[in-house]
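A short write-up of the structure that comes next.
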Amino acid sequence: MSFNVTVQVSLDSCLKQFVNPEPVKNVQCPLCDHNKAPCSTFLKSLRIGKAPRCLVIHLKRTQWLPGAPHKLHMLVSFNDTLDLKPYMYSHVMRHALAPLPVEGCNLSYSLSAVLEHVGGAHSGHYITYRKTKQSHWVYTSDTSVFPVQRDTVMSSEAYMLFYEMIK
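This is the structure:
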């Protein structure tokens, strides 16, 4: 999944925006007589159809302004865990606009890594924060690896978030 980041937001608000129904106007039904039937407005909603074992979320941090790209430095808050149930497609939803619970499956995820781009729109460097098997966070960059505090990870300008399904 990929999200544009133009204001300070939370990952949860990005996911809600992703699944929020939006109107599609002036839809012409190919089976209708266009001389008699006017164009219609429909609601379109995107949902996740199948839960992956590893969920990768891309936060777009480049904005194209006249003449050049600009990097966006807004903070996107995210959590250690993520529940995907509110964002999943269910066959029951076909006739409902409100999210319905997906029963019988575990859709909980744990944050396992955060990729951050340090620098501007024209140059920079990627670093990674990775959670170890002992649930400690480490900073990795080329040949450097050292421990960091969870707060450092959670306050980073995340470019990509990696969540693994909790078994």
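Taking the numbering used here, I'd label the letters of the sequence shown as residues 148 to 314.
Ideal Cβ positions, reconstructed from N, Cα and C, are used throughout, including at glycine.
How big is the Cα-Cα spacing for residue i and residue j?
| i | j | result |
| --- | --- | --- |
| Y310 | F225 | 11 Å |
| L247 | L158 | Reliability of the predicted coordinates at L247 is poor, the pLDDT of 46 falling under 50, and the value obtained from them is presented with this limitation in mind. Approximately 20 Å, taken between the alpha carbons. |
| R208 | K218 | 6 Å |
| V203 | F189 | 30 Å |
| N390 | Y236 | No answer is possible for residue 390: the residues shown for the chain start at 148 and end at 314. |
| V300 | H269 | 24 Å |
| L244 | E169 | Residue placement at L244 is poorly supported in this model, since its pLDDT is 49, which falls under 50; the coordinates still yield a value, given next. Rounded to the nearest angstrom, the two C-alpha atoms are 11 Å apart. |
| K172 | S282 | 49 Å |
| C161 | I274 | 23 Å |
| M307 | C179 | 45 Å |
| L212 | C201 | 33 Å |
| E304 | V156 | 12 Å |
| K314 | G267 | 38 Å |
| D289 | E263 | 13 Å |
| Q164 | C176 | 27 Å |
| K280 | G196 | 29 Å |
| S338 | L229 | An answer regarding residue 338 cannot be provided, because it is not within the stretch 148 to 314 covered by the chain. |
Using 8 Å as the threshold, is the C-beta distance between residue i and residue j below it?
| i | j | result |
| --- | --- | --- |
| Y256 | R194 | no |
| L231 | L254 | yes |
| R277 | T287 | yes |
| V265 | H272 | yes |
| V295 | W284 | yes |
| D227 | L258 | yes |
| A198 | M312 | yes |
Starting from residue i, trace the alpha helix (DSSP H) in both directions and tell me its first and last residue.
| i | result |
| --- | --- |
| S257 | It is not in any alpha helix (DSSP H) - S257 instead sits in the beta strand (DSSP E) that spans 255-266. |
| R208 | Segment: none, R208 is in no alpha helix (DSSP H) and carries neither H nor E. |
Residue i lies in the beta strand (DSSP E); which residues open and close that run?
| i | result |
| --- | --- |
| M307 | 305-312 |
| P170 | 169-174 |
Per DSSP, what are the beta-bridge partners of residue i in this structure?
| i | result |
| --- | --- |
| V223 | V156 |
| L229 | Y256 |
| P216 | W211 |
| T275 | L262, T287 |
| L193 | DSSP lists no partner for L193. |
Identify whether residue i lies in helix, strand or coil by the three-state DSSP scheme.
| i | result |
| --- | --- |
| Q164 | helix |
| T299 | helix |
| Y236 | coil |
| P199 | coil |
| P294 | strand |
Measuring only from the beta carbon, is residue i closer than 7 Å to any heavy atom that is part of the ligand PLP?
| i | result |
| --- | --- |
| Q175 | Looking at this structure, you won't find the ligand PLP or any other ligand, since it has none at all. |
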